[in-house]
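Q: Pasting a structure here, questions to come.
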Amino acid sequence: MLLTTLLGLLVLIWGIQGMANSPAKITVYMGPIPLAQKLEAAFEAEHGDVLTVVSGPWCRRVRAEMEAGDIKADVLYGADLSIYLLLWGVGQLLPYSSPEAAAIKPEFRAEGPFTLANGRYAVIVYNKRFVSPEEAPKGWNDLLDSKWKGKVVMGDPLLCSAAFAIVCGLVQSHGFDWDYIRALRKNEVMLANNAGKVAEVVASGEAWGGICVHDAALRMIKKAEKQGLEPVLGIVWPKEGAIPIPRPAAIVWDEERSEEDTTLAKAFLDFVLSPEGQRIAAKYGFIPVRADVPTPAGIPKRIRAIPIDWDWISKHDRILRDKWQAVMAGN
Amino acid sequence: MVKFAKKPGFIVAGLIWALLFFFAYPLVLLLLKGFGLPGHLTLEPYRDLLWNPLGWEALRNSLVVGATTMLLSLVLGATLAWLATRSDIPGRRFLRIMVFLTFATPPYIGTLGWIQALGHSGWLNLLLMRAFGLARPPIEIYSLPGIAVVMSLHLYPLVFWATEGMLLRLDPVYEEEAALLGAGRGKIFFKVVLPMILPALLSSGLLVFMHSLSCFAVAAELGLPRRRYLLVTLVYSTLSHYDVKGACALSAVLVALSGGAFLLRRSLLGNADASVRAETGQARVMELGALRMPVGILALTFTAVVALLPLLSLVGTSLTRAWGLPLGPRNLTLANYLELLRNLLVARAIRNSLAFACLAACIGTLLSLGIGYLAERTRLRGRRTLELVTTLPLAIPGPVLALAIILAFIHSPLPLYNTPWIIVLGYTVAFTPIALLTVSGGLRAVDGELEEAAWTMGASRLQGLRKVLFPLLRKEILAGWILIFLMTLREIPLSLMLHTRGTETVGVILFSFRDTLGVEVTAALAVVVMVITLVGRLWVTGIERQLWEKRGV
Numbered sequence: 001m002l003l004t005t006l007l008g009l010l011v012l013i014w015g016i017q018g019m020a021n022s023p024a025k026i027t028v029y030m031g032p033i034p035l036a037q038k039l040e041a042a043f044e045a046e047h048g049d050v051l052t053v054v055s056g057p058w059c060r061r062v063r064a065e066m067e068a069g070d071i072k073a074d075v076l077y078g079a080d081l082s083i084y085l086l087l088w089g090v091g092q093l094l095p096y097s098s099p100e101a102a103a104i105k106p107e108f109r110a111e112g113p114f115t116l117a118n119g120r121y122a123v124i125v126y127n128k129r130f131v132s133p134e135e136a137p138k139g140w141n142d143l144l145d146s147k148w149k150g151k152v153v154m155g156d157p158l159l160c161s162a163a164f165a166i167v168c169g170l171v172q173s174h175g176f177d178w179d180y181i182r183a184l185r186k187n188e189v190m191l192a193n194n195a196g197k198v199a200e201v202v203a204s205g206e207a208w209g210g211i212c213v214h215d216a217a218l219r220m221i222k223k224a225e226k227q228g229l230e231p232v233l234g235i236v237w238p239k240e241g242a243i244p245i246p247r248p249a250a251i252v253w254d255e256e257r258s259e260e261d262t263t264l265a266k267a268f269l270d271f272v273l274s275p276e277g278q279r280i281a282a283k284y285g286f287i288p289v290r291a292d293v294p295t296p297a298g299i300p301k302r303i304r305a306i307p308i309d310w311d312w313i314s315k316h317d318r319i320l321r322d323k324w325q326a327v328m329a330g331n
Numbered sequence: 332m333v334k335f336a337k338k339p340g341f342i343v344a345g346l347i348w349a350l351l352f353f354f355a356y357p358l359v360l361l362l363l364k365g366f367g368l369p370g371h372l373t374l375e376p377y378r379d380l381l382w383n384p385l386g387w388e389a390l391r392n393s394l395v396v397g398a399t400t401m402l403l404s405l406v407l408g409a410t411l412a413w414l415a416t417r418s419d420i421p422g423r424r425f426l427r428i429m430v431f432l433t434f435a436t437p438p439y440i441g442t443l444g445w446i447q448a449l450g451h452s453g454w455l456n457l458l459l460m461r462a463f464g465l466a467r468p469p470i471e472i473y474s475l476p477g478i479a480v481v482m483s484l485h486l487y488p489l490v491f492w493a494t495e496g497m498l499l500r501l502d503p504v505y506e507e508e509a510a511l512l513g514a515g516r517g518k519i520f521f522k523v524v525l526p527m528i529l530p531a532l533l534s535s536g537l538l539v540f541m542h543s544l545s546c547f548a549v550a551a552e553l554g555l556p557r558r559r560y561l562l563v564t565l566v567y568s569t570l571s572h573y574d575v576k577g578a579c580a581l582s583a584v585l586v587a588l589s590g591g592a593f594l595l596r597r598s599l600l601g602n603a604d605a606s607v608r609a610e611t612g613q614a615r616v617m618e619l620g621a622l623r624m625p626v627g628i629l630a631l632t633f634t635a636v637v638a639l640l641p642l643l644s645l646v647g648t649s650l651t652r653a654w655g656l657p658l659g660p661r662n663l664t665l666a667n668y669l670e671l672l673r674n675l676l677v678a679r680a681i682r683n684s685l686a687f688a689c690l691a692a693c694i695g696t697l698l699s700l701g702i703g704y705l706a707e708r709t710r711l712r713g714r715r716t717l718e719l720v721t722t723l724p725l726a727i728p729g730p731v732l733a734l735a736i737i738l739a740f741i742h743s744p745l746p747l748y749n750t751p752w753i754i755v756l757g758y759t760v761a762f763t764p765i766a767l768l769t770v771s772g773g774l775r776a777v778d779g780e781l782e783e784a785a786w787t788m789g790a791s792r793l794q795g796l797r798k799v800l801f802p803l804l805r806k807e808i809l810a811g812w813i814l815i816f817l818m819t820l821r822e823i824p825l826s827l828m829l830h831t832r833g834t835e836t837v838g839v840i841l842f843s844f845r846d847t848l849g850v851e852v853t854a855a856l857a858v859v860v861m862v863i864t865l866v867g868r869l870w871v872t873g874i875e876r877q878l879w880e881k882r883g884v
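As you go down the protein sequences, you meet chains A and B in turn. If you're matching positions, the first sequence starts at 1 in the numbering used here and goes up one per residue. If you're matching positions, the second sequence starts at 332 in the numbering used here and goes up one per residue.
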């Protein structure tokens, strides 16, 4: 019995040791998994097995590695601008302007050692089982109507950096005034873990409407349509403008990286911006930054957006969080 | 007491060094980070915490939820364990299976079932509103009581298993004597049974308390909608704003709370005496008489509802064609399961998770036996500290624990980061406390004279342990192993921070799929994992039976 157990353990240890793949040339942190898998396969079809892809929400991971003084990623792709601004601030990003940049639409050109790789917007979603398209809110201010009391959900800005940007965007667009948030609070707005989860909550009927990142809602709608079902969710592009939360990509600064690997990292960034990379991302609802790749179905050709100042948000993170807390305090 | 304690042998020394290196070292790094070290010493994160009204509110909420969860779980777990082992109610086997199912459902997705029933548009709330003509849903699940109830309905099996082992071992002589002396049933329970199972109750109560402090899933799903923050939600919030120092400071508060609870348990245990002299194998069964059926039906209905409600909603969700559609024959599909087959990563992740879970469970159980033994049976100096250090990681929320492990093991002397071993290490550190608290309650109650008798009669030290102590503790050892295994298989935050190419786990997939492929596919994966655990559980039960029956225990 003891012998069998020991033998079993040895086999187990051997098996676990075998999981460690030989390291590929460069490491890319990007999520979510199905999209990352597609991009990896497409890129490696041309370059061979050169990528180590770590998927899932990698922001916390990068922050932890930063604290340990050793960022393991060569390329970062996804999330939102906040982590890139943080890394830029400590000189951890390698400036690179891709030759593909010429094809990028003007609204996606950014200052700094990163590239905006996909468009993503905060929009209004509603549940069609409870709300008819005629009754659906047309803009941000309609959410303050008392008929939506306790029926609107949004991401918690304390727990989600995209939701934080949405709140800051709403504050900025109302002339740096918190009255809009105060009114939402008075209308008993509900909170969710993050800005993407809002789609799930609204579809379940726990809320009738919400402020959501467009791609999460679009994926849900597309899935229903693909099966010939009437989608539960409806998307409204607010008349005042949607709030842009673009997904950037960047190369991490690393003195020890070989010239060859840096070239490869640049090639991956070019690929993300290339028509093929953009088309793959568009299948997941993200908006291409190139003019020559069509936007996914269900997204208006010309998007009206509220300009938001990410730099201001990241510089005043603490003050803005405190302000939000003060506005939302009490039951 | 054992003599070798004064001169720690090779194994003991190795155990202590391993604990210091793998458990204490990351923890110390974490605490130092909260003070800005290495670097400039600063008290700023703590000052921020002190001035943050939300911090105080969260502290209060965490304490209220933790204490309520603990009390509810103790009452539920102990009562049901007593009914399952010492009473003659029908369906005791069924009850045990339900208890297992309750804990096997991952709270990350099981909470959905409670929301579907008790949320603002939950079917039960709608039913009640219609029945009584109410304008607002009568049950508010998004509240502190809601969090505490759902948490305790998920965690009471921890108490159940710890108490069950103890009750099975209890020598019925005491109860019989008390009965002969004319004590009533109630008196026998409170004066005889309760003191004997106290160590198990206190240990598992502490376990539930600490676990509820660091459990993010329920706290977020049910707390956030109405802005009820717990300390654990605040920890996640500081990390979302990249404030590592703040997260470390908050975790230090959680560690302090748990440490306090640990010491409280120690002082309460101080007077309790070991009272189990021997095992008879046949526990005394109390005949409930006329109460048998009503009590039995109540207990079975309760455990079944608590286990099956989240589970059925999980299965239902995994079969719907699109999230948000009402469940009905027209909307049923197996497409979500096919989606799992289509993705090669899923099979690999399940395989990886099973391997990690097995190894972590073996190491964790062995460690907890060793530490429990040192703490309860020897006079080794610092044995209590050793136990405390091993327990504390339970109070630290996943992402912060992962941060501590990354800080400790990214550089030399032992650069484990980006190897599979860091995941095994993470799981072991995170979940050994659960096995330790389950085992140490049992060790406390089994009299050390039993092993000593074996040694006196010429058995070697190992034989004494293997033939006498381990069989006596088999329920706890098995429960410890299964607990680590179950927790590991569905673990998310550590996995997200520690995985790399080739070592993706189920947790990584669960998280990523919910974002992209939807709740339906995630639920399908959760169901697959649950089926695997169920099969595994049956298999382990088979082995257990074989193992002990061969020895005639």
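For each residue, glycine too, the CB sits at the ideal point set by N, CA and C.
1. Since Ser843(B) contacts Thr836(B) with CB under 8 Å, what's their CB separation in whole angstroms?
2. Which bits of chain A does Asn683(B) rub up against, with CB to CB less than 7 Å?
3. Using a Cβ-Cβ cut-off of less than 9 Å, list which residues of the segment 318-329 of chain A approach chain B; keep chain order.
4. Tell me, please, whether the CB atom of Ala666(B) is closer than 9 Å to any CB atom in chain A?
5. Using beta carbons (cut-off 9 Å, strictly below), is Leu642(B) in contact with chain A?
6. Just the chain B side, please: which residues come within less than 9 Å of Pro57(A) by C-beta, in chain order?
7. Are the segment 459-477 of chain B and the segment 509-523 of chain B touching, with three or more C-beta to C-beta distances below 8 Å?
8. In whole angstroms, give me the CA-to-CA distance for Met788(B) and Arg708(B).
9. If you draw a straight line from the C-alpha of Leu809(B) to the C-alpha of Val50(A), how long is it?
10. Closest to Leu676(B) by C-alpha separation, out of Glu135(A), Leu35(A) and Ala136(A), would be which residue?
11. Taking the alpha-carbon of Gln325(A) as reference, which of Trp382(B), Gly370(B), Tyr668(B) and Glu375(B) has the nearest alpha-carbon?
12. Determine the direct distance from the alpha carbon of Gly867(B) to that of Asp179(A), and round the result to whole angstroms.
13. Under 9 Å Cβ-Cβ, which residues of chain B neighbour Asp70(A)?
14. Please give the ranges of any beta strand (DSSP E) in the segment 546-601 of chain B, keeping only runs that are unbroken, at least 3 residues long and fully inside the region.
15. Going by C-alpha distance, which of Leu747(B), Gly772(B), Gly811(B) and Leu723(B) is nearest Ala766(B)?
16. Under 9 Å, do Arg129(A) and Gly849(B) count as touching if we go by C-beta distance?
17. Can you tell me which of Leu346(B), Phe341(B), Trp348(B) and Leu360(B) puts its alpha carbon nearest to the alpha carbon of Leu738(B)?
18. What do you reckon, are the CB atoms on Leu525(B) and Leu599(B) nearer than 9 Å?
19. Tell me the residue span of the alpha helix (DSSP H) that contains Leu51(A).
20. Of the choices Leu501(B), Ala653(B), Phe425(B) and Gly453(B), whose alpha-carbon is the least far from that of Ile221(A)?
21. Listing by chain order, which chain D residues have their CB less than 7 Å from the CB of Lys223(A)?
22. Below 8 Å on the Cβ atoms is my contact criterion, and I expect Pro246(A) with Leu81(A) to pass it. Report the Cβ-Cβ distance as a whole number of Å.
23. For the alpha helix (DSSP H) containing Pro751(B), list its first residue and its last residue.
24. Tell me which residues of the segment 573-601 of chain B have at least one Cβ-Cβ distance to chain A shorter than 7 Å, keeping chain order.
25. In the DSSP output, which residue or residues are listed as bridge partners for Thr651(B)?
26. Thinking Val586(B) and Ile702(B) are a contact (beta carbons under 8 Å), I'd like their distance in whole angstroms, please.
27. Would you kindly report the start and end of the unbroken beta strand (DSSP E) that includes Asn118(A)?
28. Would you verify that the beta carbon of Ala412(B) is, or is not, closer than 9 Å to some beta carbon of chain A?
29. Where does Leu689(B) fall in DSSP's three states?
30. Give a yes or no on whether the minimum CB-CB distance between Gln227(A) and chain B is below 9 Å.
31. Once you ignore the five residues that flank Asn749(B) on each side, which residues in its own chain have a CB closer than 8 Å to its CB?
32. Given that Gly169(A) touches chain B, what residues does it touch there, using C-beta distances under 8 Å?
33. In the DSSP assignment, the beta strand (DSSP E) including Leu233(A) goes from what residue to what residue?
34. What three-state label does DSSP hand Gly408(B) in the structure shown?
35. Considering just the uninterrupted stretch of the alpha helix (DSSP H) at Cys59(A), what are its terminal residues?
36. For Phe593(B), which residues of its own chain have a beta-carbon under 7 Å away from its beta-carbon, when the five flanking residues on both sides are left out?
A: Checking against the coordinates, here is how it stands:
1. Contact flag wrong, Cβ pair sits at about 11 Å.
2. Met19
3. Arg318, Arg321, Asp322, Gln325, Ala326, Met328 and Ala329
4. yes
5. no
6. Leu827, Phe842, Ser843 and Asp846
7. no
8. 19 Å
9. 44 Å
10. Leu35(A)
11. Trp382(B)
12. 56 Å
13. Ile741, His742 and Tyr748
14. none
15. Gly811(B)
16. no
17. Leu360(B)
18. no
19. Element bounds for Leu51(A): not the alpha helix (DSSP H) but the beta strand (DSSP E), Leu51 to Val54.
20. Ala653(B)
21. Absence of chain D from the displayed structure is noted, the protein chains being A and B.
22. 7 Å
23. Pro751 to Ala776
24. Tyr573 and Val575
25. Leu663(B)
26. With a Cβ gap of about 18 Å, Val586(B) and Ile702(B) do not count as contacting.
27. Thr115 to Gly119
28. no
29. For clarity, residue 689(B) is Cys in the given sequence; the question names Leu instead. Helix at Cys689(B).
30. yes
31. Thr831
32. Simply none; closest approach about 17 Å.
33. Leu233 to Val236
34. helix
35. Cys59 to Glu67
36. Leu537, Leu719 and Thr722
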